[in-house]
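For what it's worth, my numbering labels the leading residue of the sequence shown as 41, then goes sequentially.
We treat Cβ as the ideally placed atom computed from N, Cα and C, and that holds for glycine.
The model shown is predicted, which means the values in this text are computed figures rather than measured ones.
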Amino acid sequence: MKTVDLLIKSGFVVTVDSHKRVYTNGYVAVQDGRIVGCGPQDECAFQGKREIDAKDKIVMPGLVNAHSHLVQIFLRGLGEAMPLFERLAHLYYPITGAAHRERAYLGVRLMLLELLKSGVTTTHDDHFVYRYNDSIDGVCEAIRDSGIRAVVSRSIANNSVAVPAGYRERVADGLREVDRVYNLWQSDRIRIITGPLGLGYVESADDLRTIKAFAKERGMLFYGHFPSNRARSFLKKEGWDGSPWAYLDHLRLLDENTLAAVGSNIPTDPKDLELIKARGTRICLEPALPWIMGRPYNSRRLLAYGIPVGMGLDGCPITPNQDMWAAMRYMVTTQRHFDLTAGAGGWDIADAWGSPATVLEVATIGGARALGLEHEIGSLEPGKWADLILIDANHVRLNPRAELLNNLLWTGSPDMVSTVIVQGEVVVENGRHTRWDEEEVVRQANEVQRVILRETGTERYLSQVRVWAFI
41 MKTVDLLIKS GFVVTVDSHK RVYTNGYVAV QDGRIVGCGP QDECAFQGKR
91 EIDAKDKIVM PGLVNAHSHL VQIFLRGLGE AMPLFERLAH LYYPITGAAH
141 RERAYLGVRL MLLELLKSGV TTTHDDHFVY RYNDSIDGVC EAIRDSGIRA
191 VVSRSIANNS VAVPAGYRER VADGLREVDR VYNLWQSDRI RIITGPLGLG
241 YVESADDLRT IKAFAKERGM LFYGHFPSNR ARSFLKKEGW DGSPWAYLDH
291 LRLLDENTLA AVGSNIPTDP KDLELIKARG TRICLEPALP WIMGRPYNSR
341 RLLAYGIPVG MGLDGCPITP NQDMWAAMRY MVTTQRHFDL TAGAGGWDIA
391 DAWGSPATVL EVATIGGARA LGLEHEIGSL EPGKWADLIL IDANHVRLNP
441 RAELLNNLLW TGSPDMVSTV IVQGEVVVEN GRHTRWDEEE VVRQANEVQR
491 VILRETGTER YLSQVRVWAF I
């Protein structure tokens, strides 16, 4: 028997590999943070320095949150009754802009704690708003201390219409900061990338080209909200009357090293889809946004075209619960809503789109592909980092379990996750974080939010959503 650092044995192992193998009684062996063996338990040739008995546990790859804004934790629950652009002006920018390094660290810890405890082993972060350049250092410090894996975009925004004064920067200054952050924080678990905040959040096509060239030279993903809610006005100013995707391609910005975060403006035109596929561009969907807004959302076309598609939660103002299990259901239900309204599906559930295999893949290996990490994470296969989770199969919501994977999609929730392992390290055990005092994390995040609301004068907007008599 070969001795390894960690052996997980006798589990219901969902590999999410290319063969979609599920070992109903299987093992995963880990050495130096990587998977060195995975298969049926009766073929296991390993013993572990540490062994985890996974009987009555689902063992699967960790979830990948492919789009997020971590420092927006301070905005959770705020601005419910405010129009989007008022939220941006009166809440988003002032509150996130007040998060210097120490504040960002204390707030982001809470966000990461929630993600990890719910089974997310890799998260993205889109960081912008630079009143304090060291804000992103607080984010990266929290990521490092939490044990999670992350792809952090140090994004650039300088458009004088879209971004208030005091919260924008010159492109050259922003790119110098990207280099600084890269040199300080790039590691096995933290990957630094860059891009414009979105199409319409920089001043010109030249800015887009400059940022893309910088990213290409350094081997970074080029990331942005493509298209963004500002894209239409930006394209009009540029004199472009075609699609945003054709415009991006016109500037030679679409390729296999481009990641587009897509909100409600999902590409559906066959010409755009063919273009995205041909260029190898990576897409991250945000299914919580259309679900919360009650909109149909045609995401399956992207999958049908074979485009690399991941799933993201966006920031707390969009997805307050930061729950990937819920987001999986959002993806299915918004697609079924689309099919019904478009007349593409009947009322018979047998005709409805969506399966556990499809959506679990988007939330794991799909997210890995979106972030350019498909050779490192996203499935349980020898050679990949040991980023995986154990789920309590005896949880009341998963039973009776003749169709365990169906139950995982339709009733899955964060409290089912018992153990979370990142790069071979157990960072959540028995539902508790192994590095932090969870109560202290919650207390400090609340203290910082109170200070920021008071300091920025944004307390006055809280009354806009209060219909209860607070005494």
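- Judged by DSSP secondary structure, C180 falls outside any beta strand (DSSP E) and instead within the alpha helix (DSSP H) spanning S175 to S186.
- CA-to-CA, the gap between G279 and S244 works out to about 12 Å.
- Counting along the chain, the unbroken alpha helix (DSSP H) around E278 starts and ends at A271 to E278.
- Residues D166 and G355 of the same chain have their beta carbon placed closer than 6 Å to that of H109, with the five preceding and five following residues left out of the count.
- Annotation for Y170: E209 place their beta carbon closer than 6 Å to its own, counting only its chain and skipping 5 residues before and after.
- For a cut-off of 8 Å, the C-beta gap from V191 to I233 is around 6 Å, short enough to register as a contact.
- For the pair R322 and P348, the CB atoms are nearer than the 7 Å cut-off.
- Non-local beta-carbon contacts of A202 in its own chain, meaning distances under 7 Å to residues more than five positions away in sequence, involve G240, Y241 and R270 in chain order.
- Taken through DSSP and simplified to helix, strand or coil, T136 comes out as helix.
- Taking a contact as a CB-CB distance under 8 Å, the pair A367 and A328 counts as one, their CB atoms being some 5 Å apart.
- Distance from the CA atom of G235 to the CA atom of I188, rounded to whole angstroms, is 23 Å.
- If the five residues before and after N434 are omitted, its C-beta is found closer than 7 Å to the C-beta atoms of D96, all from its own chain and listed in chain order.
- Using a 10 angstroms sphere on the CB of V491, the tally of other CB atoms stays under 16, which defines it as exposed.
- In the structure shown, M41 adopts coil according to DSSP, grouped into three states.
- Every alpha helix (DSSP H) of 4 residues or more that sits fully in the segment 83-165 is shown, in chain order, as 124-127, 133-137 and 141-157.
- At a Cβ-Cβ threshold of 7 Å, E421 and D57 count as neighbours.
- When the Cα atoms are used, M456 and L430 turn out to be separated by approximately 9 Å.
- A contact between stretches requires three or more CB pairs, one per stretch, nearer than 8 Å, and the segment 410-417 fails this requirement with the segment 369-379.
- For the pair A403 and L103, the CB atoms are nearer than the 7 Å cut-off.
- With contacts defined by Cβ atoms closer than 7 Å, D427 and V462 form a contacting pair.
- Rounded to whole angstroms, the separation of the alpha carbons of S503 and I511 is 14 Å.
- In this structure, Q87 keeps its C-beta atom at 7 Å or more from the C-beta atom of S50.
- Pairing V179 with A144 gives a Cβ-Cβ distance under 7 Å.
- Following the DSSP letters along the chain, one finds P396 in no beta strand (DSSP E) but inside the alpha helix (DSSP H) bounded by residues P396 to E401.
- For F254, the three-state secondary structure derived from DSSP is helix.
- C-alpha of N447 to C-alpha of A197: approximately 42 Å in a straight line.
- Sequence-distant Cβ neighbours of M151 in its own chain, meaning closer than 6 Å and more than five residues away, are L110 and I113.
- Taking all protein chains in view, the Cβ of E181 is crowded by 16 or more other Cβ atoms within 10 Å, so the residue is classified as buried.
- Look at T459 here: in three-state DSSP terms it is strand.
- At a Cβ-Cβ threshold of 7 Å, G119 and R127 count as neighbours.
- A buried status is given to F254, since no fewer than 16 other beta-carbon atoms sit within 10 Å of its beta-carbon.
- Inclusion of A69 and V76 in the CB contact set at 7 Å is warranted, their separation being smaller than that value.
- The secondary-structure analysis by DSSP pairs D432 across a beta bridge with K97.
- Rounded to whole angstroms, the Cβ separation of L291 and L248 is 6 Å, and the two are in contact under 8 Å.
- Secondary structure at Y67: strand, using DSSP grouped into helix, strand and coil.
- Per DSSP, H377 lies in no beta strand (DSSP E); the unbroken alpha helix (DSSP H) holding it starts and ends at M364 to T381.
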